[in-house]
Each structure stands twice: as structure tokens, then as C-alpha cells.
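Residue numbers (the working numbering), protein chains in the order written: chain A, 1 to 115; chain B, 116 to 223.
C-beta atoms are modelled at their ideal positions from N, C-alpha and C, and glycine is treated no differently.
Worksheet: the structure to be examined is printed underneath.
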Amino acid sequence: DSGVTQTPKHLITATGQRVTLRCSPRSGDLSVYWYQQSLDQGLQFLIQYYNGEERAKGNILERFSAQQFPDLHSELNLSSLELGDSALYFCASSVGGGGSTDTQYFGPGTRLTVL
Amino acid sequence: EDQVTQSPEALRLQEGESSSLNCSYTVSGLRGLFWYRQDPGKGPEFLFTLYSAGEEKEKERLKATLTKKESFLHITAPKPEDSATYLCAVRHDYKLSFGAGTTVTVRA
């Protein structure tokens, strides 16, 4: 158990809908990262927040957005869902801002199925 | 663009049969190479971080090494519980770029 928690574990929804994925980092960690893992794309970095502020952005679609709250938990919002958004979504956390000695610890993931 | 290539894609081993996994990378300004283990449907589990060529790290039956262009994960006398997908990632700026992984199956 990494100490990172994610809810829900599974999510099934329809195209065009909007969903929210939640992540609580390990105690003491200030950074939260979001990743998408699909069969054809592998593990892809989406976005990082550090102490409430956006720190780095990857290949995140405009339909997706995230935020980190004062208690450091984070939410990833996915809207206008398409079939291709079906994937495993992972949250990771680290102590620092992603610097050279920072290690990312991953949560158990949320499996999103868009029908 | 950062590139991380892992080989082979899949590896089937007999229990006790040692082998190595390869991770080659092209990135300017490497700030760490990471190995993770991932079981089906689970989140990646951190194994090692390597920072400079020549560095080695060990954990039980696993040993990771790093050169200027690639890293190896050696599995010595594997057991069935070592069956998993092993992911390599490089850090550039703040993000990790992952390879596609090597799926290792160890038969008893």
C-alpha cells in the first residue's frame, strides 16, 4: 500500500457525460500527479500540482481539468466523455515539487469505462 | 522529445532462470531513471531510482544498473511472484516519461 488513495475504484458512464476522479496523496506529500494508462498509449503524464498550484502539464486534453485543494487532495474532471477516454487513471504523489530526488508513489487507480 | 524504449515486450522464464530487461532512453538532462513494477489492474509500485552512469541498486532478486544510454533490470533466480510488468521511466523537468514495459511471466 503506497498511502495514496483514489476513489472511485471503478466508474462506468456514457459518452458525453462528465465525471470527477478523486485522489488523496500520502501524508506529507505536496505534489499530486495524474496519469492516464490505456492499452495502446501506455502510461501518459497528464498534469502536476504542487501545493495547490499547477506545476507541469503533459498531453492533457482541453476537456480535462484538475485542481488541488488546500487540504492537498486533488480532483481530475473529465467532460464530454468519448469512448477513447476509457482507461485507467492513476494519481501519484511526492514530497517535493518533482525535483531531482523526488520519488512518485502511485495510487491504485480508477478504471473508467465509457459506453 | 523524450524516448524510452523497453525490450523485450514479454519474457517467459522458468523459476530460477535469471534474465535481464533493457530500458534505453534518449533525453537531454536526465534527472533520474526509475523502475516500477505493475501487477494487472494495480498502480505501479516503486522499485529503484538511478541518477548517474555506473550506479547500481539491489532489492531482493532484482538489481538495476545504469549507463549513459540505457538501464538494465536483472532478475536473479526469479520466483512466480516476480511475475509482473516492469516499467522504466525517465524524469525530464518535472514529469516522468514511461516506456511501454516488459511483461515477465515466471513459471513454477
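_So for residue 84/A, helix, strand or coil by DSSP?_
Counting from one through the first sequence, the residue named residue 84/A turns up at place 84. If DSSP states are grouped into helix, strand and coil, residue 84/A belongs with the helices.
*Assign residue 185/B to one of three DSSP states: helix, strand, or coil.*
Taking the second sequence and counting its residues from 1, one reaches residue 185/B at position 70. Three-state DSSP puts residue 185/B in a strand.
*Got a sec: is the Cβ-Cβ distance from residue 86/A to anything in chain B below 8 Å?*
Position 86 of the first sequence holds residue 86/A. Closer than 8 Å: no.
*Pair every Cβ in the stretch 47-55 of chain A with every Cβ in the stretch 29-37 of chain A, then say whether three or more of these pairs are closer than 8 Å.*
Taking a contact to require three or more Cβ pairs closer than 8 Å, the stretch 47-55 of chain A and the stretch 29-37 of chain A qualify as touching.
*asked:* Between which residues of its own chain and residue 130/B is the CB-CB distance below 7 Å, once the five residues before and five after are set aside?
replied: Residue mapping note: residue 130/B aligns to position 15 of the second sequence, counting from 1. Closer than 7 Å at the Cβ level, and outside the excluded window around residue 130/B, lie 193, 194, 195, 221, 222 and 223.
*With residue 172/B as the anchor, note down where its beta strand (DSSP E) starts and where it stops.*
Walking along the second sequence from the start, residue 172/B turns up at place 57. Run containing residue 172/B: 171-174, per the beta strand (DSSP E) assignment.
*asked:* Across the stretch 73-83 of chain A and the stretch 94-101 of chain A, are there enough close Cβ pairs to call them in contact, namely three or more that are closer than 8 Å?
replied: These segments do not touch.
*So residue 110/A and residue 8/A are in contact, right, with Cβ under 8 Å, and what is the actual spacing, rounded?*
Counting from 1 along the first sequence, the entry for residue 110/A is found at position 110. Counting from 1 along the first sequence, the entry for residue 8/A is found at position 8. Indeed, because the Cβ distance is near 6 Å, the residues count as touching under 8 Å.
*Does DSSP put residue 196/B in a helix, in a strand, or in coil?*
Within the second sequence, residue 196/B is the residue found at index 81, counting from 1. Note: residue 196/B maps to helix in three-state DSSP.
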